[in-house]
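Data block below; observations after.
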Amino acid sequence: EHRSVLLGGVEVARGVVGGGGVCFVFSGQGSQWLGMGRGLAGRFPVFGGVFDEVVGFFPGLREVVWGSDGGVLGGVGWAQLGLFAFEVALFRLWESWGVVPDVVVGHSVGEVAAAYVAGVLSLGDACRLVSARAGLMEGLSGGGAMAVVRVSEEEVVSCLPEGVVVAAVNAPGSVVVAGEVSAVGVVMGRFAGSRLLDVGGAFHSPWVDPMLAGFGDALGGVVFSDPVIPVVSSVELGMDMATVDYWVSQVRRPVR
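The opening position of the sequence shown corresponds to residue 8 in the numbering used here, with each subsequent residue numbered one higher.
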């Protein structure tokens, strides 16, 4: 069955309706852009109200996200907070139109947004988690890098130098490696089409080990609940997200 999707009288999508359910995927750091959400906030009160509520937990965030300095927004501390606020507000906007997912999943910091909308975390605790996560990551010393390599996980694992690990498996032929800058450069040189990521560190690798204990301490008192929307872990299928240990491991282990 062919259908069109109209928003405000404008066709925004056209396709063939298939079987199966609806999944929302919440993206991770690197997908932010200056001004994200400003147009939506001006046009849709639901989005604007939720965005206002979330940025209220993060003083100065609105000025950075809707500012003019992409370098500042690209920093770990602001990028993760901005993406969380945008993704939560966008979810509530779709929800207000009656589009509710059957399952949610998130990539790295996007998994915090997925866990919140699924009901695992309250908004306050989710903001506390993402703020501690971003702040501690930003405080790590330099020397780390991440790169996209356009091969399978099996191919890249077979030739990783010391100090480099697989940090994410985004698709059968798209893997992210992380580690010491020069060693990551060696891996990039072995595979055509590799691309360095502008993320400011080597996340999901041993590079983040110095922050893990502090991150666990910062999450003391966070209250977890059973999800009201099924949420799939991108760390390991079937893992329980309702523990501090899970979120500490989620920073360190590969995104799958």
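A virtual CB, placed ideally from N, CA and C, is assigned to each residue, including glycine.
{"Item": "Closest to Asp233 by CA distance: which of Val258, Ala209, Val124 and Cys166 is it?", "Value": "Val124"}
{"Item": "Can you round the beta-carbon distance between Ser11 and Leu41 to whole angstroms, since I take them to be within the 8 Å contact cut?", "Value": "With a Cβ gap of about 31 Å, Ser11 and Leu41 do not count as contacting."}
{"Item": "Using only the alpha-carbon positions, how far apart do Leu47 and Gly15 sit?", "Value": "13 Å"}
{"Item": "Identify, in the order they occur along the chain, each residue of the same chain with its Cβ nearer than 6 Å to the Cβ of Ser34, setting aside the five sequence neighbours on each side.", "Value": "His114 and Gly117"}
{"Item": "Could you please give the first and the last residue of the uninterrupted beta strand (DSSP E) stretch that includes Ser181?", "Value": "Ser181 to Glu187"}
{"Item": "Any idea which residues DSSP pairs Arg10 with across the strands?", "Value": "Gly22"}
{"Item": "Mapping DSSP to helix, strand and coil, what is Leu204?", "Value": "coil"}
{"Item": "Does Ala152 come out as helix, strand or coil in the three-state DSSP assignment?", "Value": "strand"}
{"Item": "Quick one: grab the DSSP three-state call for Gly221.", "Value": "helix"}
{"Item": "Take every Cβ of the segment 134–148, pair it with every Cβ of the segment 171–188, and state whether three or more of those distances are shorter than 8 Å.", "Value": "no"}
{"Item": "Compute the beta-carbon to beta-carbon distance between Val255 and Leu219, rounded to the nearest angstrom, for a pair I have assumed lies under 8 Å.", "Value": "5 Å"}
{"Item": "Classify Glu70 as buried or exposed, calling it buried when 16 or more other Cβ atoms lie within 10 Å of its own Cβ.", "Value": "exposed"}
{"Item": "Pairs of beta-carbons, one from the segment 92–100 and one from the segment 59–67, closer than 8 Å: are there three or more?", "Value": "yes"}
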